[in-house]
């Protein structure tokens with residue numbers, strides 16, 4: 160009888176922890192996944208217990224950046240393997256509505272502080288209105304564009320089979 164009560168106490172504590180989890184959301188391109196991406200996801204995860212990562216569709220990314228080198232499926236596979244990520248949303252809308260934020264029970268939306276004001280308001284207006292957007296320092300010294308440039312610089316004049 161004593162063990163039966165302990166079991167139910169443990170079940171209650173486990174369920175209470177799950178319900179109390181702080182859910183954090185980020186969206187990301189994640190092209191040529193690198194240490195800067197890992198650092199960003201680590202910072203985002205520090206805001207809560209459960210990190211949801213929306214991996215943006217190629218056509219959305221192409222609208223404000225260059226076309227990703229890696230296709231969506233490959234980017235999703237790499238991001239799913241990151242230890243800081245609990246859930247991946249494939250090709251979410253570029254802006255989560257207030258209704259969707261509430262439906263997903265998101266307490267924080269995180270983005271790097273390298274975003275311009277126009278894009279910030281276009282993509283994160285509902286999060287700003289709800290007061291749940293947090294900006295984290297951009298990891299300088301590494302970016303996908305820098306990696307692409309390094310590859311170009313190191314392979315000039317070389318032919319690969």
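Numbering (this note's numbering), first residue to last: 160 to 320. A virtual CB, placed ideally from N, CA and C, is assigned to each residue, including glycine.
Between the alpha carbons of residue i and residue j, how many angstroms are there, rounded?
i, j, result
"residue 182", "residue 210", "6 Å"
"residue 193", "residue 304", "11 Å"
"residue 242", "residue 266", "20 Å"
"residue 240", "residue 297", "22 Å"
"residue 276", "residue 165", "53 Å"
"residue 292", "residue 237", "25 Å"
"residue 249", "residue 225", "19 Å"
"residue 346", "residue 315", "Past the edges of the chain, shown from 160 to 320, lies residue 346, and the structure says nothing about it."
"residue 285", "residue 307", "33 Å"
"residue 137", "residue 255", "With the chain covering only 160 through 320, there is no way to say anything about residue 137."
For residue i, which three-state DSSP category applies?
i, result
"residue 275", "coil"
"residue 214", "strand"
"residue 289", "helix"
"residue 185", "strand"
Applying the criterion that 16 or more other CB atoms from any shown protein chain within 10 Å of the CB defines a buried residue, is residue i buried or exposed?
i, result
"residue 184", "buried"
"residue 227", "buried"
"residue 186", "buried"
"residue 311", "exposed"
Going by the CB atoms, is the gap between residue j and residue i shorter than 9 Å?
i, j, result
"residue 287", "residue 260", "no"
"residue 294", "residue 270", "yes"
"residue 235", "residue 214", "yes"
"residue 253", "residue 280", "no"
"residue 191", "residue 229", "yes"
In chain order, what are the residue ranges of uninterrupted beta strand (DSSP E) at least 3 long that sit wholly in the region 248-274? 267-271
Go through the region 196-240 residue by residue and report every complete run of the beta strand (DSSP E) that reaches 3 residues or more, in order. 209-214
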